[in-house]
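Visitor:
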């Protein structure tokens, strides 16, 4: 994992996501997952595929991102701000708006329901039927709690403990991580 430093490229401030994606592909990685709101990994993967390399990509946070290189796109996770914006607008229209903070969780019954879910996942053309079934099992495991992504032992980048063996992080612990975890490359600050 390489952290570029922000959710999109800021020349001179972040690592160049085009170079980061190319470095992964040129060093033998065949799948690149992006965590930024732009499509550099998909664009570069498309170039690699056109040059004959067998590569795939998972872009991030734009529902239509796969259209950039459909043949290599495994799928795209995205955010859906509609339900939370509707709540705020309705509160304002009703004269009841006050500052608030919400944790907008997925609608586990249907993560792609635009009316109820804060996040979704669109499967890409490059995702095989078997892999798609595994994605569905993964989503089900997240929904029912049988899969915990942040479960100890986990340490921070500086070697200090984040989670003890068997301890699972809360959503807020993950949200407010004070630094990157061991194994993640890039500056924590």
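Residue numbers (the numbering used here): 4 to 192.
Cβ coordinates follow ideal geometry from the N, Cα and C atoms, glycine included.
1. Applying the 10 Å Cβ sphere with the 16-neighbour rule, what's the burial state of residue 120?
2. Extract the residue ranges of the beta strand (DSSP E) inside the segment 17-86, only unbroken runs of 3 or more that lie entirely within it.
3. CB residue 10 to CB residue 33, shorter than 7 Å?
4. What number of angstroms, rounded off, separates the C-alpha of residue 55 from the C-alpha of residue 69?
5. In three-state DSSP terms, what is residue 152?
6. Do you know how far the Cα of residue 66 is from the Cα of residue 80?
7. Suppose the cutoff is 7 Å on Cβ atoms and the five residues either side in sequence are ignored; what does the same chain contact list for residue 82 look like?
8. Quick one: what's got a C-beta closer than 7 Å to residue 157's C-beta in the same chain, skipping five residues either side?
9. At what residues does the alpha helix (DSSP H) containing residue 141 begin and finish?
10. Between the alpha carbons of residue 50 and residue 7, how many angstroms are there, rounded?
11. So, at 6 Å on beta carbons, what are the nonlocal neighbours of residue 126 in its own chain, with the 5 sequence-adjacent residues on each side left out?
12. DSSP three-state label for residue 95, please.
13. Let me check understanding here. Comparing Cα to Cα, which of 140, 75, 35, 173 lies closest to residue 1?
14. Between the Cα of residue 179 and the Cα atoms of 106, 36, 149, which residue gives the shortest distance?
15. In or out: residue 152 buried (at least 16 other Cβ within 10 Å) or exposed?
16. Nearest-angstrom Cα distance between residue 188 and residue 171?
Guide: In terms of the structure at hand:
1. buried
2. 34-36, 59-61, 78-82
3. no
4. 19 Å
5. coil
6. 7 Å
7. 64, 121, 122
8. 165, 166, 184
9. 132-147
10. 21 Å
11. 78, 135
12. helix
13. Missing from the structure shown is residue 1; the chain here goes from 4 to 192 and no further.
14. 106
15. exposed
16. 23 Å
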